[in-house]
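Below is one structure, written out as structure tokens; comments come after it.
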Amino acid sequence: MPILQPPVPELPAALSFAGKTAIVTGANSGLGWASVVHLAKRHISTLVLAVRTRKTGEATKAALLADPAVRALPTPPTILIYELDLARPSSVAAFASKILADLPTLDILLLNAGMGNLNWVTTPETKTEQMFQVNFLSNAMLAVRLLPLLRASAQKSRATSHLCIVGSRMIPLHSYTKNPIPETSSVFAFVNDPAHFKKFSRYPDTKVLVTMLVRELARRTDAAEVTVNSVCPGMVKTNIDTKQPLWIKVPMVFIHAIRSRTAEVGARTLVNAVSAGPETHGQMLEDFEVNAFLDTEQGKKMEEKVWKETLAAADSFAPGSVEEANLRD
């Protein structure tokens, strides 16, 4: 990996999201905040801020409407606030149900929210490992649940909808090659066993699962209706390191100073992904190639299991959602 990252070009001046509705998770800070600013400046009509608390959402909405470029728009976006806590499946289910009940159309689903942690932490409701739940499983459930609305919106508008999940170029650092999942084992059970938790690998482990999910969704989705992709914004200075121990935080200050992109620059890659063409369907947009593990025999077998277990989880999470999304082979 080079010391400096390649420059990210400005978004096209003519890029417009007029008439479109977008959901951005983790919209109150970092890449999520910078992404909603980009979308608002480019005439998004309806913007859904998915945040953990109403108070946070109201502050984000006020800051967005106070932005000089947004204030200068002839018609400011309609901004809606919905609570979403990815660590709690009940919150994810309630969010999806409210979106389906309230929104007539959805053109962009940007699943940006995620987390990094070096410690084994379980979620309060299901006791799954926190990064697995937040970075992968909750996003998978949202993707399955909201895919029909994205598809219907594309058919109505005759314009392609976009589903994008933030990935990571760190996936080569995953643990699955050195610590392979036995063929007889469930992938989900394996990664939720503390005996297999590798603190420096868990974040890339979850992003491997995200990449596999995107590939499988894309195989079952018409790119002309819904372009499904992933994007790595590169190393970006955000608040994702706030929960790390001091011995990680201190060197990261210097590393960020040398090579990190600002959130505004990193968010350009996200906004580009949700406006990209069908050639990006099933792909991860990044500066470097996807790790070869995904196309090894081991990787392919693991991906098949991940997909089957994801569908089973979706069946349990929202019965009938897999059929409604037309994802059953």
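Note that the sequence shown covers residues 0 to 328 in numbering that gives the first Met the number 0.
C-beta atoms are modelled at their ideal positions from N, C-alpha and C, and glycine is treated no differently.
Every value quoted in this text rests on a predicted model; they were computed, and no experiment measured them.
**OP:** From the DSSP output, in three-state form, read off TYR202 for me.
**Re:** Stepping through the sequence shown from its first residue, residue 202 is reached at position 203. Correct three-state label for TYR202: helix.
Subject >> According to DSSP, residues forming a beta bridge with LEU46 >> reply: Counting from 1 along the sequence shown, the entry for residue 46 is found at position 47. According to DSSP, LEU46 bridges with ALA21, ILE78.
**OP:** Could you check if SER34 is buried or exposed, using at least 16 other CB atoms within 10 Å of its CB as the buried criterion?
**Re:** To locate residue 34, count along the sequence shown from 1; it is residue 35. Buried: at least 16 other Cβ atoms inside 10 Å.
**OP:** Report the option in LEU310, SER174, ILE22, SER229 whose CA atom is closest to the CA atom of GLY276.
**Re:** Here residue 276 refers to the residue found at position 277 when the sequence shown is read from its first residue. When only C-alpha atoms are compared, the closest one is SER229.
Original post:
Which value, in whole angstroms, describes the spacing of the CA atoms of THR220 and ALA324?
Top reply: The residue labelled residue 220 in the question sits at position 221 within the sequence shown. The residue labelled residue 324 in the question sits at position 325 within the sequence shown. Roughly 9 Å between the two C-alpha positions.
Original post:
Nearest to PRO5 by alpha carbon, out of LYS304, GLU303, MET234, LEU14?
Top reply: The residue labelled residue 5 in the question sits at position 6 within the sequence shown. Restricting attention to LYS304, GLU303, MET234, LEU14, the CA atom closest to the CA of PRO5 is found in MET234.
**OP:** Quick one: residues in its chain with C-beta nearer than 7 Å to the C-beta of VAL227, no 5 flanking neighbours on either side, listed in chain order?
**Re:** The count along the sequence shown starts at 1 and reaches residue 227 at position 228. LEU162, VAL213, LEU216, ALA217, THR220, HIS280, GLY281, listed in sequence order.
Original post:
With 16 other CB atoms within 10 Å as the buried threshold, where does LEU110 fall?
Top reply: Stepping through the sequence shown from its first residue, residue 110 is reached at position 111. Answer is buried; the Cβ neighbour count reaches 16.
**OP:** In the DSSP assignment, find the beta strand (DSSP E) that holds VAL186 and state where it starts and stops.
**Re:** Reading the sequence shown from its first residue, position 187 is the one you call residue 186. Membership of VAL186 in any beta strand (DSSP E) is not indicated; the residue belongs instead to the alpha helix (DSSP H) covering 186-190.
Subject >> Paired residues, beta bridge with CYS163 - DSSP >> reply: As a first step, residue 163 must be located in the sequence shown, where it is residue number 164. CYS163 pairs with LEU109, ASN228.
**OP:** For GLN132, count neighbouring Cβ atoms within 10 angstroms of its own Cβ and tell me buried if that reaches 16, exposed if not.
**Re:** Taking the sequence shown and counting its residues from 1, one reaches residue 132 at position 133. That one is buried.
Subject >> Closest residue to ARG168 among MET140, VAL209, PRO179, LYS197 (Cα-Cα distance) >> reply: For the purposes of this step, residue 168 is identified with residue 169 of the sequence shown, where counting begins at 1. Nearest option by C-alpha distance: VAL209.
**OP:** Please report the residue range of the alpha helix (DSSP H) in which ILE98 lies.
**Re:** Residue numbering aside, residue 98 sits at position 99 when the sequence shown is read from its first letter. Segment 88-101, the alpha helix (DSSP H) holding ILE98.
**OP:** Below 6 Å CB to CB, which residues in the same chain sit around ILE78 once its five sequence neighbours on both sides are set aside?
**Re:** Along the sequence shown, read from residue 1 onward, the residue named residue 78 stands at position 79. If the five residues before and after ILE78 are omitted, its C-beta is found closer than 6 Å to the C-beta atoms of LEU46, LYS60, all from its own chain and listed in chain order.
Original post:
Roughly how far, in whole angstroms, is the beta-carbon of ASN134 from the beta-carbon of LYS206, given that I think they are within contact range, below 8 Å?
Top reply: Mapped onto the sequence shown, residue 134 falls at position 135. Mapped onto the sequence shown, residue 206 falls at position 207. Their Cβ separation, rounded to whole angstroms, is 7 Å, which keeps ASN134 and LYS206 in contact under 8 Å.
Subject >> Secondary structure of ARG218, DSSP reduced to three states >> reply: Looking up residue 218 in the sequence shown gives position 219. If DSSP states are grouped into helix, strand and coil, ARG218 belongs with the helices.
Subject >> For VAL36, three-class secondary structure by DSSP >> reply: The sequence position of residue 36 within the sequence shown is 37, counting from 1. In the structure shown, VAL36 sits in a helix (DSSP, three-state: H, G or I).
**OP:** Could you work out which residue in HIS37, LEU326, LYS300, VAL36 is closest to PRO181 when comparing CA atoms only?
**Re:** One-based indexing of the sequence shown puts residue 181 at position 182. Considering only alpha carbons, the answer is LYS300.
Subject >> Rounded C-alpha distance that separates SER184 from VAL143 >> reply: In the sequence shown, counting from the first residue as 1, residue 184 sits at position 185. In the sequence shown, counting from the first residue as 1, residue 143 sits at position 144. If I take the Cα positions, the gap works out to 24 Å.
Original post:
Do you know how far the Cα of GLN129 is from the Cα of VAL91?
Top reply: Here the question's residue 91 lines up with position 92 in the sequence shown. Here the question's residue 129 lines up with position 130 in the sequence shown. Cα atoms of VAL91 and GLN129: separation of roughly 14 Å, rounded to the nearest angstrom.
Original post:
In chain order, what residues of the same chain lie with their CB nearer than 6 Å to the CB of LEU146, ignoring the 5 residues before and after it?
Top reply: Position 147 of the sequence shown holds residue 146. The answer, listed in chain order, is ALA324.
**OP:** Please report how far the alpha carbon of SER15 lies from the alpha carbon of THR176, in whole angstroms.
**Re:** On the sequence shown, residue 15 is found 16 positions in, with the first residue counted as 1. On the sequence shown, residue 176 is found 177 positions in, with the first residue counted as 1. C-alpha separation (whole angstroms): 43 Å.
Subject >> Cα-Cα separation between SER44 and THR20, rounded to whole angstroms >> reply: As a first step, residue 44 is located in the sequence shown; it is residue number 45 there, counting from the start. As a first step, residue 20 is located in the sequence shown; it is residue number 21 there, counting from the start. Roughly 6 Å separates the two Cα atoms.
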